[in-house]
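Using the numbering used here, you'd call the opening residue of the sequence shown number 265 and step up by one each time.
Where a beta carbon is used, it is the ideal one built from N, C-alpha and C, also for glycine.
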Amino acid sequence: MLFNATQAEELRVAIVDGQNLLDLDIETLGKEQRKGNIYKGIITRIEPSLEACFVDYGTDRHGFLPFKEVSRSYFLGYEGGRARIQDVLKEGMEVIVQVEKDERGNKGAALTTFISLAGRYLVLMPNNPRGGGVSRRIEGEERQELKAAMAQLDIPNGMSIIARTAGIGRSAEELEWDLNYLKQLWQAIEEAGEAHHDPYLLFMESSLLIRAIRDYFRPDIGEILVDNQEVYDQVAEFMSYVMPGNAGRLKLYEDHTPLFSRFQIEHQIESAFSRSVSLPSGGAIVIDHTEALVSIDVNSARATRGADIEDTAFKTNMEAAEEVARQMRLRDLGGLVVIDFIDMENPKHQRDVENVLRDALKKDRARVQMGKLSRFGLLELSRQRLKPALGESSHVACPRCAGTGVIRGIESTALHVLRMVQEEAMKDNTGEVRAQVPVDVATFLLNEKRAELFAMEERLDVNVVLIPNIHLENPHYEINRIRTDDVEEDGEPSYKRVAEPEEDESAKPFGSERAKAARPEPAVKGVRHTSPAPTAAPEKKTSWWDSFKAWLKRIFGGTSETPAAAEPPKTHFRRQPQRAAPHRQPPPKPAPRQQARRRQGGSARNGGFQRQSGRQSGGGTRNPQRQRQPPQPQSPKRTQRRSGSRKPRSPNTCRRNAV
265 MLFNATQAEE LRVAIVDGQN LLDLDIETLG KEQRKGNIYK GIITRIEPSL
315 EACFVDYGTD RHGFLPFKEV SRSYFLGYEG GRARIQDVLK EGMEVIVQVE
365 KDERGNKGAA LTTFISLAGR YLVLMPNNPR GGGVSRRIEG EERQELKAAM
415 AQLDIPNGMS IIARTAGIGR SAEELEWDLN YLKQLWQAIE EAGEAHHDPY
465 LLFMESSLLI RAIRDYFRPD IGEILVDNQE VYDQVAEFMS YVMPGNAGRL
515 KLYEDHTPLF SRFQIEHQIE SAFSRSVSLP SGGAIVIDHT EALVSIDVNS
565 ARATRGADIE DTAFKTNMEA AEEVARQMRL RDLGGLVVID FIDMENPKHQ
615 RDVENVLRDA LKKDRARVQM GKLSRFGLLE LSRQRLKPAL GESSHVACPR
665 CAGTGVIRGI ESTALHVLRM VQEEAMKDNT GEVRAQVPVD VATFLLNEKR
715 AELFAMEERL DVNVVLIPNI HLENPHYEIN RIRTDDVEED GEPSYKRVAE
765 PEEDESAKPF GSERAKAARP EPAVKGVRHT SPAPTAAPEK KTSWWDSFKA
815 WLKRIFGGTS ETPAAAEPPK THFRRQPQRA APHRQPPPKP APRQQARRRQ
865 GGSARNGGFQ RQSGRQSGGG TRNPQRQRQP PQPQSPKRTQ RRSGSRKPRS
915 PNTCRRNAV
């Protein structure tokens, strides 16, 4: 795990395996995420049509609070069944909310009153008693062991906890230590909420330094390198309390070679900002963002390693599947993602590509729901958005194309301006039309369209003034209509009427004073663990020979060296056999008398015995009144055919009737 903090405006955290970049997180000064922050808010507007309300929580834009995210503790003395938002909530109510989704574009932040506080091993939900459980990523015996350890914890009424993946293998004492810290933190937040009656920041989610250690650290991480002394001290202080057993892995990097350049990952980071990413075989994937989804197109490009077109497509798709999963982690692409693979005819190749992508997605911390390849070669998946995408925090929309990627040509823009000028000139009481256009557009209109402009002025008796503006770029322009009464006969010259551009907030240089503005101070800060985390006893390492003998014992019940009788008794839980359907059960074994009749006159069925039902031949009967019926003789014709004396059939007789 690498921490790069040499630049004050940007903090970068990367997880590498050798020289392969696995995960990346970047935090820019002035653009810190608000997800996880807890605020004291005031309801400003209730919208019954949306079943939601808007909350002022101290920022420029109000947050969106759905009714389903409102705890029943805020209902105003309501008792009954299904409630309506206008009946239980009122404007001006004070609520404690947590940011669930950050602001994106024109959408405000999504809020919730169900608070969740993340610790090292647990997540505490102080006002949601029904939300406890274990992380979905924990399965098998580890899940059962973690549930047993959680059962020993003292959880207050009205609260619930969720065990994180970092809690695997932790003892009840370690979980109790983390739970006590979270309860202490929630108590401080409640006290701060009662003290403030205006919108205010109560608790700020930890910085990227703490979040990275808390969320990204895994036992297989060998070293944590930090290239800044101040950041090193903060990380060391946090690890000494939370994970003292792993504090020895933290090291200060003091080499003159930049940290990320030492591991050769700078070019991999730049690929996360690029629209196209190259593949080893010569192919490429192209990633485009739209309002509804993220589209990823797989192109063969210069890939020619395959024996034929099917083999080339298969190899390119296999490489693309792994790279797509990696790019989604690096860029943190969330929401709906559609991947357009190269068409493959072989169904086995399609399944192999799906399996490779599914295995690569298992490394992702986010929840991913993956579909299957359609007959059009498209694969849909949905990925949880853990944080703002990499492009949202570091990119700004192009001032010329507004993010579309294309603009109108000079001639097309000039003709469009000419039509707009004509529309304004045709309005009543119009004395003059002033159009400020880019220089190249004005050049085209004043030369190629000079006759059309003159004819318009003569026909409509309106003065048209074209002002070339050096501050405007295609396709931007500005048209003003001047009424007849407002036209100045001796006004200033047209070249002095050039409009100055307004200052664009997004065009400010990186690291400006606005970006360096002081961060708001939360009401709750400085809450720490009262004691370092308890260290678990080291597990006894078993050799491969002991593991092999234990495996033989489980398979064969013992070996020649250690017999099975020497093992302590184990309790086995055996599933009860399910009762099979009557038509699937084997026929009952005949009684001794029936066996004698079989030897004399054929089988019991051929001898006229009625077949017993499977329910009676099983372990008893549910209805005690249903007794075993005596054998009933069948018709002679049926008995004769089944006993072996069949009639010769003619060639025209149906085989089914003969049997």
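Measuring C-alpha to C-alpha distances from Asp418 to each of Glu405, Thr429, Leu446, Glu403 identifies Leu446 as the nearest. The beta carbon of Asn301 sits closer than 6 angstroms to the beta carbons of Val363, Met468, Glu469 from its chain, once the five residues preceding and following it are set aside; these are given in chain order. Straight-line measurement puts the Cα of Lys626 at about 35 angstroms from the Cα of Glu494.
DSSP places Ser424 inside the beta strand (DSSP E), whose first and last residues are 424–427.
With fewer than 16 other beta carbons inside 10 angstroms of its own, Trp815 counts as exposed. With respect to the 8 angstroms criterion, Leu643 and Ile603 are classified as neighbours on the basis of their beta carbons. When beta bridges are read from the DSSP output, Val387 appears opposite Ala382, Ile426. In this structure, Leu730 lies near Ala699, with their beta-carbon atoms less than 8 angstroms apart.
Shown here, Lys365 sits in a strand according to DSSP, grouped into three states.
Secondary structure within the region 574–608: the beta strand (DSSP E) runs of 3 or more consecutive residues, fully enclosed, are 599–604 (chain order). For Glu274, the CB contacts under 6 angstroms within the same chain, skipping 5 residues up- and downstream, are Thr292 in chain order. Look at Ser542 here: in three-state DSSP terms it is strand. Just measuring C-alpha positions, the residue of Val361, Thr694, Asn370, Arg401 sitting nearest Ile453 is Val361. By the Cβ rule, the region 707–714 does not count as touching the region 743–752, because fewer than three pairs are nearer than 8 angstroms. At a cut-off of 4 residues, the continuous stretches assigned as alpha helix (DSSP H) that sit fully inside the region 605–691 are 611–625, 654–658, 674–689. As computed with DSSP, Phe467 is found in a beta bridge with Ile302, Val788. For Phe267, the enclosing beta strand (DSSP E) has its first and last residue at 266–268. With at least 16 other beta carbons inside 10 angstroms of its own, Asp289 counts as buried.
Membership of Ala436 in the alpha helix (DSSP H) is indicated by the continuous run 436–459. About 7 angstroms separates the CB atoms of Met414 and Leu439; that is less than 8 angstroms, so the two are in contact. Taking the CA atoms as reference points, Leu717 sits about 53 angstroms from Gln297. The alpha-carbon separation between Cys665 and Ile671 amounts to approximately 6 angstroms.
The C-alpha of Arg368 lies about 27 angstroms from the C-alpha of Ile279.
When the beta-carbon positions are compared, Val705 and Ile674 come within less than 8 angstroms of each other.
Taken through DSSP and simplified to helix, strand or coil, Asn744 comes out as strand.
Leu654 and Arg595 do touch by the CB rule: their CB atoms are close to 5 angstroms apart, below 8 angstroms. Here Ser646 really is in contact with Leu600; their C-beta atoms are around 6 angstroms apart, less than 8 angstroms. Out of Ile549, Asn444, His461, the CA that lies nearest to the CA of Pro390 is found in Asn444. Leaving aside the five residues that flank Tyr496 on each side, the residues in its chain whose CB is nearer than 7 angstroms to its CB run, in chain order, Val490, Leu516. The beta carbons of Tyr464 and Lys304 sit about 5 angstroms from each other, so the pair counts as a contact at 8 angstroms. Bounds of the alpha helix (DSSP H) holding Thr707 are 703–711.
Around the beta carbon of Gln591, a 10 Å sphere encloses 16 or more other beta carbons of the protein chains shown; the residue is thus reported as buried. Beta-carbon to beta-carbon, Glu583 and Gly641 are separated by about 16 angstroms, too far to satisfy the 8 angstroms threshold. The residues Asp552, Val602, in chain order, have a CB closer than 6 angstroms to that of Ser559 in the same chain once the five nearest residues on each side in sequence are set aside. Distance check between Thr429 and each of Gly404, Gln448, Glu333, Gly422 places Gly404 closest, using alpha-carbon atoms only. The C-alpha of Ser540 is placed about 23 angstroms away from the C-alpha of Glu574.
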